[in-house]
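For any residue, its number in my numbering is found by taking its place in the sequence shown, counting from 1, and adding 164. Backbone N, C-alpha and C define an ideal beta-carbon position, used for all residues, glycine too.
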Amino acid sequence: MGFIGPKVAFCFLLVFMLAAWAFFVFVFLSDPLALSDSLARWVHDNPTITTIIVSGIASVISFFSVVVKWALRKRITRQPISLYRLSAGAASAGTSFWFNSRHCWLSFAILFVFVAFCFLTSVWTTLLTPVSVMLSLQMGGSELDIGSSNFDASLQQALAAPVSSVSWIEVFGSNSLMSGIAAAGNVFGLENIFNFNNVRYNATTGGILPAIAPYDGTQQLAPLENSGINFSGGYVPGNLTASPDHSGISSTYTVLQQGLTANVTCVEYTSAAEWGGLQVEQTSVSGDLGSVPFTLWALEAICPENGGESSQGFVTNPLVDSVGLLASVVCPNVGNVANASLNYTFNQILVISNGTGMYNFLPPTVCEIIPVITQSIVTYADHIISATVVDSTPIEPWQQNLLLFLVSVINYQAWSTQGVKTNTLGDALISIYTATTTSSITDSNTTQILQELSQFWRGVVEFSGTYIRSGFSAYPRTAPSDMLVGMSGTQNVTTVGWTVTWQPTYLYTLFPVTSTAFLAIGAFIYNCIDRKKHAKEVQNHDTSDKTDVESGVRASDLNERRVASADFDATDPIHLVVASAEPGQLSPGSAPAAGFWEKYETSEVLLQEAKLRNPDRGRDSGAIVR
């Protein structure tokens with residue numbers, strides 16, 4: 165094969181190498197480099213076809229590495245060479261392994277070439293195969309600021325306006341109850357998914373409003389009169405703008421948002437002095453209504469800090485094993501808070517509870533609830549929203565309307581959970597306790613019960629924050645700019661593409677590629693030098709077919725020898741057998757004619773053992789084929 169073959173092959177190989185390394189550098193600078201969404205989904209859905217395509221490209225790139233083999237073939241045919249080097253060169257040119265313990269350095273060099281060529285296709289396949297990558301895209305937007313003075317003024321107007329036919333307290337009463345129960349169980353390892361407005365939360369809402377379109381819940385529009393504090397469900401658009409360029413295979417979101425929670429501490433009530441003069445008294449009166457007996461209960465509290473007197477009445481069946489009362493009363497008195505003329509301010513809410521009958525495991529208890537506005541890291545993943553508080557700010561004294569809203573919600577839960585026989589909150593405390601411990605709830609283990617109760621009220625407050633945000637953000641309502649606060653986040657897109665991972669296995673894949681590139685460049689340089697050397701030999705001799713006296717070599721012999729050596733392939737068994745059997749056919753003065761090798765392809769040979777003469781006896785001991 166003429167020199168034009170390896171030259172063309174080298175050009176193609178060089179183009180592929182440059183393109184491949186340019187691609188690698190581009191991936192390194194982009195890191196990661198992602199496919200378009202449509203192509204990424206196709207690759208994700210068709211992994212087998214993708215592998216076939218990438219393997220084909222890798223095979224084409226690897227094919228042009230034959231320039232190294234051609235260079236080896238030229239080396240072993242143009243100059244005299246020892247038999248062991250001929251054997252090693254033929255093995256390398258044919259991409260087979262050769263080892264001789266007497267020639268270790270050459271053996272290791274052949275091993276190096278062998279490994280590089282064997283792994284070349286698989287390495288290119290590995291480097292070019294798209295893999296799962298993660299894109300981090302920044303997002304920004306705004307949401308309702310429940311800590312602003314303008315929102316507090318808007319909430320004041322809503323609380324003063326006539327309510328709809330169904331009180332807002334009753335609309336979300338069951339949801340706040342379930343939120344509290346989910347929060348209480350989650351602290352002790354019970355996995356709960358709380359659903360509100362077709363949005364799924366991990367145990368509790370965190371007081372946040374869903375900010376991402378795929379997580380904004382129901383798309384059904386609610387009438388304007390059912391927004392605000394009369395919200396009964398409906399479309400609440402997310403105001404955080406995601407990237408329009410990439411949605412990938414799937415996306416998760418991490419957003420810094422404003423939330424609402426409470427720091428809650430529940431302890432046993434021992435004396436009024438501990439709570440600034442809080443006085444608690446529970447009384448009961450038994451009677452009959454016709455033939456139905458009943459017990460009338462009253463739990464009264466004189467609230468500290470001029471919170472007024474707060475009382476709550478309950479009616480139950482006479483106490484037996486299956487009947488219980490978990491009475492609760494709230495301080496400050498809701499009426500005192502709502503009465504603007506009293507100018508009453510506060511920043512904490514007290515819930516006084518006492519269990520009787522089947523709930524006697526709960527002693528007289530005071531829960532101190534301090535609502536706080538939070539900054540939370542909110543994670544949107546797998547259709548579930550999870551919030552983690554990273555910072556909090558107490559509600560200011562001038563934000564009394566938000567506190568009034570929360571007192572009203574807590575007060576509703578304090579009395580509405582009690583029935584004539586059982587209490588929903590009490591039953592939830594029992595269920596969580598028995599599901600997470602092996603002891604009986606009557607063993608006076610009040611520590612966990614108090615923890616459950618504190619988490620319950622936290623869950624109620626957090627749902628209240630989500631509810632009020634949803635109501636004032638529900639479509640078609642729009643909040644003015646002075647009631648908004650900024651939020652930012654990151655869209656984490658799982659897609660398909662390429663990335664640079666500086667792991668040992670990844671760096672190992674670069675070894676065959678780099679080695680082959682240097683081998684190819686070295687082979688090309690060697691061929692160029694060899695070609696120029698031969699041209700110089702021809703130029704230094706007489707071109708008229710006269711014998712140079714000093715060198716004894718004719719120019720025509722050099723030209724014909726170049727043709728013969730270029731046509732001869734030492735890695736081809738046919739060429740070796742013919743050259744050994746009929747050396748005269750390949751004399752320097754007679755290049756093989758067209759079809760010379762083809763006529764020997766059907767010849768038959770008989771391989772048998774033969775004794776070689778000792779090469780030390782002289783050059784006449786055997787024929788030397790060049």
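Exercise for the section: Select from 523, 569, 454 and 636 the residue whose C-alpha is nearest the C-alpha of residue 588. Expected result: Closest by alpha carbon: 523.
Exercise for the section: Report the rounded CA-to-CA distance for residue 678 versus residue 195, giving the unit in angstroms. Expected result: One alpha carbon belongs to residue 678, the other to residue 195, and they sit about 21 Å apart.
Handout entry: Nearest to residue 481 (by Cα), restricted to the options 460, 323, 766 and 370
Key = Considering only 460, 323, 766 and 370, the residue with the shortest C-alpha distance to residue 481 is 460.
Exercise for the section: Let me know the secondary structure DSSP gives residue 467 once reduced to three states. Expected result: Coil at residue 467, not helix or strand.
Handout entry: Alpha carbon of residue 341 to alpha carbon of residue 489, nearest angstrom
Key = For residue 341 and residue 489, the distance between alpha carbons rounds to 17 Å.
Exercise for the section: Kindly give me the distance between the Cβ atoms of residue 638 and residue 386, rounded to whole angstroms, as I take these residues to be in contact under 8 Å. Expected result: About 6 Å separates the CB atoms of residue 638 and residue 386; that is less than 8 Å, so the two are in contact.
Exercise for the section: Enumerate, from N- to C-terminal direction, the unbroken beta strand (DSSP E) stretches of 3 or more residues contained entirely within the stretch 348-398. Expected result: Within the stretch 348-398, the beta strand (DSSP E) runs of at least 3 residues that lie entirely inside it are, in chain order, 357-360 and 363-366.
Practice task
Classify residue 462 as helix, strand or coil using the three-state DSSP reduction.
Solution key: Residue state for residue 462 is assigned as strand, using DSSP reduced to three classes.
Practice task
Look up residue 575 in the DSSP assignment and say whether it is helix, strand or coil.
Solution key: Three-state DSSP puts residue 575 in a helix.
Practice task
Could you spell out the range, first to last residue, of the beta strand (DSSP E) harbouring residue 476?
Solution key: Here the beta strand (DSSP E) through residue 476 covers 473-480.
Practice task
Would you check if there are 3 or more beta carbon pairs closer than 8 Å linking the stretch 621-641 to the stretch 443-451?
Solution key: The stretch 621-641 is not in contact with the stretch 443-451.
Practice task
If I'm right that residue 653 touches residue 299 with Cβ under 8 Å, what's the distance once you round it to whole angstroms?
Solution key: That pair is no contact at about 14 Å.
Exercise for the section: Return yes when the Cβ of residue 475 is within less than 8 Å of the Cβ of residue 585, no when it is not. Expected result: No, the pair does not count as a contact, with Cβ atoms beyond the cut-off.
Handout entry: Where residue 409 falls: helix, strand or coil (DSSP)
Key = DSSP, reduced to helix, strand and coil, places residue 409 outside both helices and strands of the structure shown, so it counts as coil.
Handout entry: Residues sharing a beta bridge with residue 546, DSSP
Key = Bridge partners of residue 546: none, in fact.
Exercise for the section: For residue 616, count neighbouring C-beta atoms within 10 Å of its own C-beta (all shown protein chains included) and say buried if the count is 16 or more, exposed if not. Expected result: It counts as buried.
Exercise for the section: Specify the secondary structure class of residue 560 as computed by DSSP and reduced to three states. Expected result: Residue 560: coil per DSSP, three-state reduction.
Problem - Selection from 424, 360 and 423 that minimises the alpha carbon distance to residue 400 - result: Here the closest residue by C-alpha is 360.
Exercise for the section: Assign residue 792 to one of three DSSP states: helix, strand, or coil. Expected result: No statement about residue 792 is possible, as the shown extent of the chain runs from 165 to 790 and does not include it.
Handout entry: Cα-Cα separation, residue 313 to residue 345
Key = Near 32 Å, if we compare the C-alpha coordinates of residue 345 and residue 313.
Exercise for the section: Alpha carbon to alpha carbon, how far is residue 203 from residue 217? Give it in angstroms, no decimals. Expected result: C-alpha separation (whole angstroms): 14 Å.
Practice task
List the residues that DSSP assigns as beta-bridge partners of residue 427.
Solution key: Answer is 534, bridged to residue 427.
Practice task
Look up residue 305 in the DSSP assignment and give the residues it is bridged to.
Solution key: Partner residues in the beta bridge of residue 305, as assigned by DSSP, are 404 and 651.
Handout entry: Residue environment, residue 562, which counts as buried when at least 16 other CB atoms sit within 10 Å
Key = The residue is exposed, with fewer than 16 neighbouring Cβ atoms inside 10 Å.
Practice task
Between the Cα of residue 457 and those of 518, 464, 470 and 479, spot the shortest distance and give me the residue it belongs to.
Solution key: Answer by Cα proximity: 479.
Practice task
Would you kindly work out how many angstroms separate the C-alpha atoms of residue 592 and residue 351, rounded to a whole number?
Solution key: So the alpha carbons of these two residues sit roughly 14 Å apart.
Problem - Backbone CA spacing between residue 201 and residue 376 [nearest angstrom] - result: Separation of residue 201 and residue 376 (C-alpha to C-alpha, rounded to the nearest whole angstrom) is 19 Å.
Exercise for the section: To the nearest angstrom, report how far apart residue 287 and residue 221 are at their CA atoms. Expected result: Residue 287 and residue 221: Cα-Cα distance of roughly 12 Å.
Problem - Sub-8 Å separation of residue 517 and residue 526 beta-carbons - result: The answer is yes: Cβ separation under 8 Å.
Handout entry: Per-residue burial, residue 180 [other beta carbons within 10 Å of its own, 16 or more giving buried]
Key = With 16 or more Cβ atoms within 10 Å of its Cβ, residue 180 is classed as buried.
Problem - Same chain, Cβ closer than 6 Å to residue 219, neighbours up to 5 away in sequence not counted - result: Contacts found: 289.
Practice task
Tell me whether residue 512 sits in a helix, a strand or coil according to DSSP, three-state version.
Solution key: Coil, per DSSP.
Problem - Residue closest to residue 497, alpha-carbon to alpha-carbon, out of 466, 521 and 520 - result: The option with the nearest alpha carbon to residue 497 is 466.
Problem - 8 Å CB neighbourhood of residue 190 in its chain, flanking five on each side removed - result: Hits under 8 Å: 197.
Practice task
For residue 495, count neighbouring Cβ atoms within 10 angstroms of its own Cβ and tell me buried if that reaches 16, exposed if not.
Solution key: In this structure residue 495 is buried. Its beta-carbon is surrounded by 16 or more other beta-carbon atoms within 10 angstroms.
Handout entry: Three-way DSSP call (helix, strand, coil) for residue 182 in this model
Key = Reduced to three states, the DSSP call for residue 182 is helix.
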